[in-house]
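In the numbering used here, the protein residues as written are 2 to 858. Here a beta-carbon is modelled for each residue, glycine too, at the ideal position from N, C-alpha and C. Fair warning: this is a prediction, and the values are worked out from it, not measured in the lab.
Listed below in structure tokens is the structure:
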């Protein structure tokens with residue numbers, strides 16, 4: 002193993018004359034280096050990077066001047082990077098295959114996470130026998146020793162920035178929408194210095210903006226003297242006409258800053274304090290404090306002329322200073338935040354703050370004002386994304402010399418909504434004098450609970466620092482109330498925060514009930530639905546004696562009952578309903594809960610009960626029972642009449658169909674019954690016209706739309722209950738002779754009298770035999786439509802007929818006018834036909850119909 006100290010191997014390690022813009026905090030700065038030629042792979046160590054408290058992101062870039070030189074980069078917290086044989090021991094590494102730039106990024110979400118203290122770096126030299134020169138660049142972001150600092154230098158990439166064109170449009174209220182033809186690009190050179198972000202607008206009415214990544218979002222209100230700094234370039238030859246614009250979106254509002262003049266054609270540095278003098282309301286009516294407490298979107302214009310132009314953005318930074326020392330004023334108790342109209346300066350623990358030990362949340366989570374979700378009135382609501390160390394953060398009016406308040410106490414109402422429910426207890430943190438103390442309460446509930454936290458050493462435990470609790474209480478710099486109770490997504494609501502003295506009169510009780518409303522559903526004839534419950538709570542439930550309540554049901558409802566009609570908070574009341582004797586329909590009433598002397602009005606829960614009609618029994622088609630209505634054979638053709646058999650197919654009493662009013666068209670739905678025809682994949686083809694429905698049999702017409710298919714599947718839908726599918730074979734023709742009596746053909750003689758043994762047709766006379774399934778027609782006839790009389794719809798397939806085995810001439814074959822799916826064959830009885838009852842046979846398109854008897858004389 003060969004290990005040489007970095008300080009001896011790097012023969013030239015110099016701070017550049019101009020302090021690099023990628024490092025704004027003292028952490029070593031960008032440095033040049035020279036590595037002498039190495040004869041074998043060598044690990045170089047001995048350089049450190051100091052990470053101050055509150056920093057959330059450490060980035061180390063290693064770039065050789067000649068990109069063909071291959072180096073690997075390693076970082077380790079608290080001790081040197083070490084090597085054992087071929088194994089290198091480090092916490093983080095960048096070992097890009099092949100030569101080029103190496104980068105390590107360590108954040109609060111890394112594994113292991115970023116820590117406060119000293120990081121040791123190691124460089125493994127892969128390229129041998131060559132002098133290697135280059136630079137190391139260290140970037141530190143977050144709440145460090147000089148304040149809050151979040152940066153996009155654009156020296157390596159676009160750093161997550163996007164532009165204001167997306168489909169669908171961005172969800173943040175007031176977000177701008179740019180031109181789809183514009184182009185966003187990251188350029189590796191030409192910036193101030195190095196890389197920068199460039200936008201080339203396509204022109205048009207929409208103004209193009211670039212959009213900051215999530216690391217810039219969150220609680221700007223918790224920062225001291227927040228400001229934005231950035232470099233801007235108008236790169237087009239024509240002059241810029243529009244000023245530079247920065248838009249902040251939060252709390253449903255848009256606040257906007259514009260520069261005094263359009264940008265210049267050279268890089269210009271802007272410093273913009275984030276306050277009411279610079280940022281003016283552009284839309285909605287929320288206060289700037291509300292918007293800054295939860296910044297959801299940051300937009301910077303890069304479109305400064307009506308037509309196409311090119312603009313650049315570089316070194317965009319969000320900054321905040323450390324306070325001028327711990328606050329010393331005594332808060333004028335009671336200090337109260339009701340959140341009825343505003344967030345009142347409260348925020349959450351992101352971005353990082355300069356207070357030692359301050360919690361650091363995550364960018365994706367949000368904080369918002371709910372104007373009607375409190376107890377009562379408004380509340381501030383945290384929506385957790387499932388990561389980070391998120392807390393509600395108090396505004397300055399709660400800070401200072403709290404020790405001077407007699408028996409100080411912090412009161413608040415808290416509600417937690419998530420699955421699972423709160424698995425971590427409520428936490429209150431007090432920070433000051435370089436130390437932190439923590440109070441731990443009970444697990445939060447899905448309904449508001451009131452918490453009373455005595456600000457006394459007996460109730461707090463130390464987290465870090467050497468100051469005593471009384472010393473911290475005398476210079477409280479930050480108060481945090483936990484907003485992260487589970488590992489997953491959640492919603493936590495905070496209301497009625499009050500810093501009071503024990504000598505201050507207690508607040509009047511407030512009452513809340515949840516959940517609301519309560520909705521029950523049941524089906525007539527089934528058991529009663531399961532009971533539901535609601536919880537009654539008040540701000541006197543934790544550390545107090547509770548509050549007395551009464552519940553009244555109005556209007557009275559005999560179907561509803563409560564487990565209790567009065568009691569003390571907190572209480573869980575079970576609500577039960579009975580559907581006995583109720584007809585199908587919807588029933589409703591209201592439960593009103595009141596507390597004497599409460600600060601808010603009685604609370605109401607709407608209760609509804611829906612009793613549904615029992616569903617129809619599931620229909621069942623008997624396998625193999627879908628047949629030709631005339632021949633009872635399992636073959637059908639487009640337009641042929643069919644029958645299917647089974648159980649629960651329709652009403653118990655059979656019903657014959659008639660034409661729809663004012664038409665000659667059969668219905669496809671009768672009393673909730675339908676026959677659905679689909680292809681083998683289940684895709685719908687058509688609904689079949691109906692001729693008759695009953696519980697055991699349905700007669701229908703096979704839709705014309707199935708022409709050309711070899712098979713389909715049919716279903717019966719009985720009032721929403723669907724049968725299993727039944728396959729049906731199809732052919733171009735599927736003739737079936739209708740019969741009456743003992744297999745006698747449904748046929749008429751030439752005088753239209755019924756053919757029978759007592760009324761035979763003469764030799765040489767005409768027989769009219771009725772059938773279905775003749776196949777293709779000379780004119781189209783819509784599905785379910787009665788056949789026309791002029792012109793006649795004639796069958797086009799070849800037809801052959803015999804009577805008693807003697808060939809017979811078919812004078813006409815086509816649909817019978819005025820009927821649906823019924824055809825007729827006008828047949829000349831041959832002179833040689835035998836007399837008496839003879840079998841009539843018909844074949845159409847090569848498909849033979851069933852034989853049936855006719856009488857000849």
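Of the choices 498, 66, 452 and 105, whose alpha-carbon is the least far from that of residue 77? 105
How about residue 651 and residue 696: do their beta carbons lie closer than 7 angstroms? yes
Three-pair Cβ contact test at 8 angstroms for the region 623-641 versus the region 683-690: no
Under 7 angstroms, Cβ to Cβ, is there at least one residue of chain B near residue 448? In the displayed structure, chain B is absent; only one protein chain is listed.
Taking just the CA atoms, how far does residue 589 sit from residue 532? 16 angstroms
So which of 73, 115, 592 and 338 has the shortest CA-CA distance to residue 97? 73
Given a threshold of 16 other Cβ atoms within 10 Å of its Cβ, counted over all protein chains shown, does residue 773 qualify as buried or as exposed? buried
If you scan the region 780-825 from start to end, which runs of the beta strand (DSSP E) of 3 or more residues do you find wholly inside it? 800-804 and 807-816
Secondary structure at residue 703, three-state DSSP: helix, strand or coil? coil
Just the C-alpha distance for residue 856 and residue 810, rounded to the nearest angstrom, thanks. 17 angstroms
Let's test the definition: count the other Cβ atoms within 10 Å of the Cβ of residue 46 and tell me whether it reaches 16, buried, or not, exposed. buried
Between which two residues does the alpha helix (DSSP H) carrying residue 533 extend? It is not in any alpha helix (DSSP H) - residue 533 instead sits in the beta strand (DSSP E) that spans 533-539.
Span separating the alpha-carbon of residue 59 from that of residue 112: 13 angstroms
Boundaries (first-last residue) of the alpha helix (DSSP H) holding residue 1: With the chain covering only 2 through 858, there is no way to say anything about residue 1.
Taking DSSP as the reference, what is the three-state secondary structure of residue 76? strand
Tell me the rounded alpha-carbon separation between residue 799 and residue 726. 34 angstroms
Residue 854: buried (16+ other C-beta within 10 angstroms of its C-beta) or exposed? buried
Would you kindly check if the distance between the Cβ of residue 510 and the Cβ of residue 599 is under 7 angstroms? yes
From 340, 341, 390 and 527, pick the residue whose C-alpha is nearest to that of residue 354; which is it? 390
Considering just the uninterrupted stretch of the alpha helix (DSSP H) at residue 330, what are its terminal residues? Taken as a continuous stretch (DSSP letters only), residue 330 belongs to no alpha helix (DSSP H), as it is neither H nor E.
Going straight from the alpha carbon of residue 165 to that of residue 135, what length do you get? 37 angstroms
Do residue 340 and residue 484 have their C-beta atoms closer together than 7 angstroms? no
What's the C-alpha gap between residue 640 and residue 785? 8 angstroms
Between residue 22 and the rest of its own chain, which residues show a CB-CB distance below 6 angstroms, the 5 nearest in sequence each way excluded? Low per-residue confidence applies at residue 22: pLDDT is 29, beneath 50, and the placement is therefore not dependable enough to give any value.
Spatial neighbours of residue 90 in its chain, beta-carbon cut-off 8 angstroms, leaving aside the 5 residues before and after: 77, 82, 83 and 84
Give a single yes or no on whether residue 61 has its beta carbon closer than 6 angstroms to a heavy atom of the ligand ZN. Among the ligands in the structure shown, none appear at all, so the ligand ZN cannot be discussed.
Hey, is the region 756-771 in contact with the region 783-797, meaning 3+ C-beta pairs nearer than 8 angstroms? no
Please determine, among 826, 140, 262 and 620, the residue with the shortest C-alpha to C-alpha distance to residue 653. 620
From residue 462 to residue 430, what does the alpha carbon distance come to, in whole angstroms? 10 angstroms
Does DSSP classify residue 154 as helix, strand or coil? coil
In whole angstroms, what is the alpha-carbon distance linking residue 806 and residue 780? 32 angstroms
Where residue 28 sits in the DSSP three-state scheme: Because the pLDDT at residue 28 is just 48, under 50, the model does not fix this residue reliably, and the value given afterwards should be weighed accordingly. In the structure shown, residue 28 sits in coil (DSSP, three-state: anything other than H, G, I, E or B).
Can the beta-carbon of residue 455 be found less than 7 angstroms from the beta-carbon of residue 444? no
Just how far apart, CA to CA, sit residue 716 and residue 675? 8 angstroms
Cβ atoms of residue 280 and residue 919: under 7 angstroms apart, would you say? No information on residue 919 is available, as it lies outside the stretch 2 to 858 that the chain covers here.
For residue 116, which residues of its own chain have a beta-carbon under 6 angstroms away from its beta-carbon, when the five flanking residues on both sides are left out? 78
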